[in-house]
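In the numbering used here, the protein residues as written are 29 to 445. From the three backbone atoms N, C-alpha and C, an ideal C-beta is built for every residue, glycine too. The structure appears right after this line, and notes come after that.
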Ligand SMILES: Cc1cc2nc3c(=O)[nH]c(=O)nc-3n(C[C@H](O)[C@H](O)[C@H](O)COP(=O)(O)OP(=O)(O)OC[C@H]3O[C@@H](n4cnc5c(N)ncnc54)[C@H](O)[C@@H]3O)c2cc1C
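Pasting the structure below:
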């Protein structure tokens, strides 16, 4: 059944669920198809910078997220060889004041649950789990999709299809002239451990970022401080798709050699019994939609995790897409192209900035010494100011057609920096 204001979303990850909530707020009726039988995020943490939390809070998720989110006081950049603090970038209340929204770190499952619960409570959103979108056909009034649910064929018609189906987006593969993501010869190893298993200094509310030769390490508390999320990024040729590959502690320790990494860092890496591995890919530039189909989040513009912005970009996408629908419902194809234009420059800039950050983190020898010295001399405040273009982003004014008129930040500087 097609309806005047019906939009389909393929993928119920961070991007798809946020888009469903934002589109429903903008007066649309939304069906989300998710291939997984249950909505559960891989066990790991995620940093949510103010450009993302601003949108989530505007969608009414502030209170549920606050229950388990941790607001780090800062990012402590540490030298991998000595454990010496190179610089401390202030976050916490001062960043919240600067950007008008908090910087949070949170367990992905908690974020996914809050999004899914809000979607389930919304009468304009239908969540169809265990449903894989397999094909689509544009037509003069919109789009028809074909999928499969528990062996049964599913068909649905609507005005538009938003493909929020992740890095390996099957929908993107069905569109013509879209290159596959590029393998970056790096692997992210991720683990969650009980806070009591790590020394007290690593339980404090900070994002710890260790820089060392051929690897870097990030860890921070999640689940209101009960768990510590650890991410180690190393040069590697492992290139399987997906989130579920497991790794052994002895294997990851080999990347943190005794001669170049201090005992404190190595001891922390030795804590988890199980790791999950994720091969890193991105794209040179965002993929484009076509006709009544658009792409959102990693399907459009996967970025390397060095800026911690992939999820944030999907959340921003959702807000901009919904805002574009508010006044232009009569021409959905025009709405989708306007949304893509609005997002292109910023998401490409984030992709480039993330690659550059990866190169800076990966410096070795005298270049690493210069990097550390420059960071130290600049100081935390100046380093943070360097990201004003990123964290200070505000969604366009977003008038919620059916329910109420709400101002989500102001539109100044909203689209691109
Ligand atoms: C190590 C690492 C650390 C990161 N840290 C951060 C961070 O701190 N902050 C941050 O903002 N980002 C971070 N990211 C990036 C972030 O995880 C991703 O950008 C984000 O999850 C993308 O969300 P998405 O909704 O676009 O895609 P996904 O989360 O991949 O969701 C896609 C969904 O689509 C579903 N799907 C796929 N195909 C179909 C189909 N045919 N039919 C139906 N459903 C389908 C999948 O099952 C999945 O649920 C990190 C990434 C990595 C690898």
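| Item | Value |
| --- | --- |
| Residue ranges of each alpha helix (DSSP H) within the segment 55-86, 4 or longer | 78-86 |
| Buried versus exposed, by CB contacts within 10 Å (16 or more), residue 438 | Its pLDDT being 33, under 50, residue 438 is placed unreliably by the model, and the measurement read from it follows with that caveat. By the neighbour-count rule (16 or more Cβ atoms within 10 Å), residue 438 is not buried but exposed. |
| Length of the line joining the Cα atoms of residue 361 and residue 86 | 26 Å |
| CA-to-CA distance, residue 355 to residue 273, given in whole angstroms | 44 Å |
| Residue 333: CB within 8 Å of a non-hydrogen atom of ligand 1 | yes |
| Cβ-heavy atom distance, residue 403 to ligand 2, below 8 Å | Of the ligands this structure carries, namely ligand 1, none is ligand 2. |
| Boundaries (first-last residue) of the beta strand (DSSP E) holding residue 186 | 180-186 |
| Whether residue 156 touches residue 177 by CB criterion (9 Å) | yes |
| Rounded separation between residue 327 and residue 311 - CA only | 10 Å |
| Cα-Cα separation, residue 120 to residue 152 | 36 Å |
| Alpha carbon of residue 216 to alpha carbon of residue 260, nearest angstrom | 6 Å |
| Whether residue 42 touches residue 342 by CB criterion (9 Å) | yes |
| C-alpha distance - residue 401 paired with residue 126, whole-angstrom precision | 26 Å |
| Residue 423, DSSP secondary structure in three states | coil |
| Endpoints, the alpha helix (DSSP H) within which residue 13 is located | The question about residue 13 has no answer here: the residues shown for the chain are numbered 29 through 445. |
| Where residue 30 sits in the DSSP three-state scheme | Model confidence at residue 30 stands at a pLDDT of 42, short of 50, so the residue's coordinates are unreliable and nothing is read from them. |
| DSSP beta-bridge partners of residue 277 | Answer by DSSP bridge pairing: none, since residue 277 is not bridged. |
| Proximal residues to residue 104 (C-beta, below 6 Å), its chain only, five neighbours per side dropped | 113, 116, 234 and 236 |
| Check: residue 75 C-beta below 8 Å from any heavy atom of ligand 1 | yes |
| Own chain, CB closer than 7 Å to residue 309, minus 5 neighbours either side, in chain order | 195, 209, 210, 211, 212 and 330 |
| Secondary structure of residue 46, DSSP reduced to three states | helix |
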